[in-house]
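Be aware that the sequence shown starts at 7, since it is given in the numbering used here, and climbs by one per residue.
Below is one structure, written out as structure tokens; the observations come after it.
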Amino acid sequence: MSGISRIFVVGAGTMGHGIAEVAALRGFSVTLYDIKQEFLDGALSRIRWSLERLAEKGTIGSPDEVMSRISTTLDLESGASGADFVIEAAPERMEVKRDIFSRLDRSARPGAVLATNTSSLPITEISESVSEGRRGSVVGMHFFNPPVIMQLVEVVRGSHTSDAAVGAAYDLARALGKQPVIVSRDVPGFIVNRIMARFLNAACSLVERGIYGMEQVDAAARHSLGMPMGAFELSDYIGMDVLDDIIRAMVARGFRMRPCGLFGEARAAGRLGVKSGRGFYEHPGAKFRKPELDPSLAGAVDPVLLIAPAVNEAAYLLREGVASRDDIDKAVRLGLNYPRGIFEYADQYGPGAIASALRRLEGLLGSDEYEPDPLILEIAGRGGRFYPRGPG
Ligand code: CAA
Numbered sequence: 007m008s009g010i011s012r013i014f015v016v017g018a019g020t021m022g023h024g025i026a027e028v029a030a031l032r033g034f035s036v037t038l039y040d041i042k043q044e045f046l047d048g049a050l051s052r053i054r055w056s057l058e059r060l061a062e063k064g065t066i067g068s069p070d071e072v073m074s075r076i077s078t079t080l081d082l083e084s085g086a087s088g089a090d091f092v093i094e095a096a097p098e099r100m101e102v103k104r105d106i107f108s109r110l111d112r113s114a115r116p117g118a119v120l121a122t123n124t125s126s127l128p129i130t131e132i133s134e135s136v137s138e139g140r141r142g143s144v145v146g147m148h149f150f151n152p153p154v155i156m157q158l159v160e161v162v163r164g165s166h167t168s169d170a171a172v173g174a175a176y177d178l179a180r181a182l183g184k185q186p187v188i189v190s191r192d193v194p195g196f197i198v199n200r201i202m203a204r205f206l207n208a209a210c211s212l213v214e215r216g217i218y219g220m221e222q223v224d225a226a227a228r229h230s231l232g233m234p235m236g237a238f239e240l241s242d243y244i245g246m247d248v249l250d251d252i253i254r255a256m257v258a259r260g261f262r263m264r265p266c267g268l269f270g271e272a273r274a275a276g277r278l279g280v281k282s283g284r285g286f287y288e289h290p291g292a293k294f295r296k297p298e299l300d301p302s303l304a305g306a307v308d309p310v311l312l313i314a315p316a317v318n319e320a321a322y323l324l325r326e327g328v329a330s331r332d333d334i335d336k337a338v339r340l341g342l343n344y345p346r347g348i349f350e351y352a353d354q355y356g357p358g359a360i361a362s363a364l365r366r367l368e369g370l371l372g373s374d375e376y377e378p379d380p381l382i383l384e385i386a387g388r389g390g391r392f393y394p395r396g397p398g
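Dropping the structure here:
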């Protein structure tokens with residue numbers, strides 16, 4: 007794409023290494039930064055593993071050729087000074103992001119776009135750690151795990167973000183072969199993580215209260231709802247530290263949720279998921295192992311109870327004008343690989359059944375986070391649907 011050839015990725019963890027891989031695959035020259043050599047070495051070996059999978063399938067030619075476009079550095083300032091576009095993918099803690107952005111402010115060339123892959127922290131707050139003249143260049147660019155497979159990028163506008171930075175992030179996402187969705191309001195968790203957090207928290211809370219078993223809810227997510235992963239399986243995949251940080255950051259900024267205790271317990275016990283070899287399931291060698299979930303386990307679970315909280319959040323986002331119905335549906339299809347949009351699920355079960363399920367959850371779990379959104383009640387009240395002319 008015009009004017010951008012060198013990309014600097016800050017943070018070589020789960021997301022950073024995947025973003026660097028995607029950029030190198032698309033012909034960009036990439037520098038990857040982290041604070042310790044062992045993190046950089048780990049990232050390079052994960053990228054090589056992934057490229058070898060792609061080469062085995064014939065999707066790409068030589069992994070070496072792609073790897074040759076990736077260099078690494080332990081020096082944030084020198085990495086930033088040579089870049090046209092920076093993508094920060096450091097841990098989800100505001101003090102970490104603010105420190106990085108203030109250093110980028112001093113070292114990046116004028117005009118460079120400073121994007122953050124944050125999934126839950128406000129772009130506006132992050133942008134306020136750079137000098138006033140640069141705030142317009144700070145934009146959200148939220149990828150999904152694994153970046154090499156997942157198609158969605160949420161491009162998020164903060165209060166100071168310029169049209170030029172939104173346009174540059176959008177164009178870069180396209181140049182990386184992704185499908186961007188613009189999130190026009192800087193709400194905590196944007197579109198996908200808000201919806202995903204509702205699904206994960208409800209599933210987890212039902213298990214915490216002993217209403218269902220873990221494998222039952224995961225089997226129902228996969229076999230009744232057709233999702234690629236169950237809630238506990240997905241939590242392992244994301245990492246309990248990342249998930250816990252995301253939920254805390256969102257709740258601290260007004261997201262109404264009583265977080266399920268099982269996530270925090272697993273984190274405190276060091277059961278972080280795939281990255282530590284064990285989360286809710288075992289992942290030998292810190293490689294994802296898909297749990298065997300017999301389809302018969304799904305029968306015990308009412309799938310509407312699992313999907314209704316996610317629909318409720320989507321209705322809120324639509325009613326508040328954060329994104330359109332079609333973009334919200336595109337976001338869950340491409341960001342979570344759901345087989346259908348969240349409003350398509352709502353219509354499949356019926357808005358009235360969704361509202362009743364939310365009322366049941368309020369009773370079972372005793373939290374007002376399940377209070378049905380006025381938009382669902384309004385549509386259910388007139389016997390309507392989210393797609394009045396049939397499935398999107
Ligand atoms: N690199 C290259 N290839 C990869 C890969 C990687 N990193 N990861 C998976 N693959 C390949 C596998 O090799 C496999 O290839 P074949 O089909 O040719 O064998 C293929 O992808 C499918 O993988 P698996 O068979 O291991 O497992 P799967 O069928 O379950 O697919 C998945 C894996 C694509 C990850 C799928 O499970 C999925 O879509 N899960 C949902 C993921 C999701 O929701 N991500 C978003 C998380 S939220 C987030 O990221 C935001 C945040 O801020 C936390």
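A virtual CB, placed ideally from N, CA and C, is assigned to each residue, including glycine.
Self-check item: Neighbouring residues (CB closer than 5 Å to any heavy atom of the ligand CAA)
Solution: SER56, ARG59, SER125, PHE150, ASN151, PRO152, VAL154, ILE155, PRO234, MET235, ILE244, LEU342 and ASN343
Exercise. Flag this pair as yes or no: are the beta carbons of GLY164 and ILE188 separated by less than 8 Å?
Key: no
Quiz item: What do you get for LEU80, buried or exposed, if any count of 16 or more other CB atoms within 10 angstroms of its CB means buried?
Solution: exposed
Exercise. May I ask which residues mark the beginning and end of the alpha helix (DSSP H) holding PHE238?
Key: 237 to 244
Quiz item: Taking one C-beta from the segment 294 to 309 and one from the segment 336 to 347 each time, how about it: are there three or more such pairs within less than 8 Å?
Solution: no
Quiz item: Just curious, the alpha helix (DSSP H) that TYR176 is in, first and last residue?
Solution: 169 to 181
Practice problem: Grab me the residues of GLY219's own chain with a C-beta within less than 6 Å of its C-beta, minus the 5 sequence neighbours each way, in chain order. | Solution: none
Self-check item: Among MET246, CYS266, ILE385 and ALA26, the one whose alpha carbon lies nearest that of ALA275
Solution: MET246
Exercise. From the DSSP output, in three-state form, read off SER349 for me.
Key: Per the sequence shown, residue 349 should be read as Phe rather than Ser. It is helical.
Quiz item: Taking the continuous alpha helix (DSSP H) assigned at GLN222, which residues delimit it?
Solution: 220 to 225
Quiz item: Going by C-alpha distance, which of GLU94, GLY327 and GLY64 is nearest TYR39?
Solution: GLU94
Quiz item: DSSP three-state call for VAL193: helix, strand or coil?
Solution: coil
Self-check item: Euclidean distance between Cα positions of ALA29 and VAL36
Solution: 7 Å
Quiz item: Smallest Cα separation from TYR114: which of VAL136, TYR393, GLU214 and VAL161?
Solution: Here residue 114 turns out to be Ala, not Tyr, going by the sequence shown. When only C-alpha atoms are compared, the closest one is VAL136.
Self-check item: Sufficient close CB pairs (3 or more, under 8 Å) joining the segment 61 to 73 to the segment 97 to 108
Solution: no
Quiz item: How do the segment 230 to 242 and the segment 355 to 362 stand: do at least 3 beta-carbon pairs fall below 8 Å, yes or no?
Solution: no
Self-check item: Touch test, the segment 310 to 317 against the segment 200 to 207, Cβ-Cβ under 8 Å, three pairs minimum
Solution: yes
Self-check item: N-terminal and C-terminal residue of the beta strand (DSSP E) that ILE217 is part of
Solution: Taken as a continuous stretch (DSSP letters only), ILE217 belongs to no beta strand (DSSP E), as it is neither H nor E.
Practice problem: Leaving aside the five residues before and after ALA121 along the sequence, list all residues of the same chain whose C-beta is less than 6 Å from its C-beta, in chain order. | Solution: ILE93, VAL145, MET147 and ALA175
Self-check item: Candidates LYS281, VAL248, ARG395 and ALA292: closest to PRO97 by CA position
Solution: VAL248
Exercise. Would you give the residue range spanned by the beta strand (DSSP E) that GLY146 belongs to?
Key: 144 to 148
Quiz prompt | the segment 288 to 301 touching the segment 222 to 229, judged by at least three CB pairs closer than 8 Å | solution = yes
Quiz item: Under the three-state reduction of DSSP, which class applies to GLY279: helix, strand or coil?
Solution: strand
Quiz item: By how many angstroms is the C-alpha of ILE155 removed from the C-alpha of THR65?
Solution: 12 Å
Self-check item: At least three beta-carbon pairs within less than 8 Å, the segment 382 to 397 to the segment 346 to 353
Solution: yes
Quiz item: In its own chain, which residues sit with a C-beta less than 6 Å from the C-beta of GLU58, not counting the 5 before and 5 after it?
Solution: PRO69
Quiz item: Just reading off the beta strand (DSSP E) that VAL36 is part of, what are its end residues?
Solution: 35 to 39
Quiz item: Nearest-angstrom Cα distance between LYS63 and LEU182?
Solution: 20 Å
Quiz prompt | Beta-carbon contacts of ASP111 that lie in its chain and below 6 Å, excluding the five residues immediately before and after | solution = VAL136, SER137 and ARG140
Quiz item: Which residues does DSSP pair with GLU288 in a beta bridge?
Solution: ARG284
Quiz item: Residue ranges of each beta strand (DSSP E) run of no fewer than 3 residues wholly in the segment 288 to 367, ordered along the chain?
Solution: none
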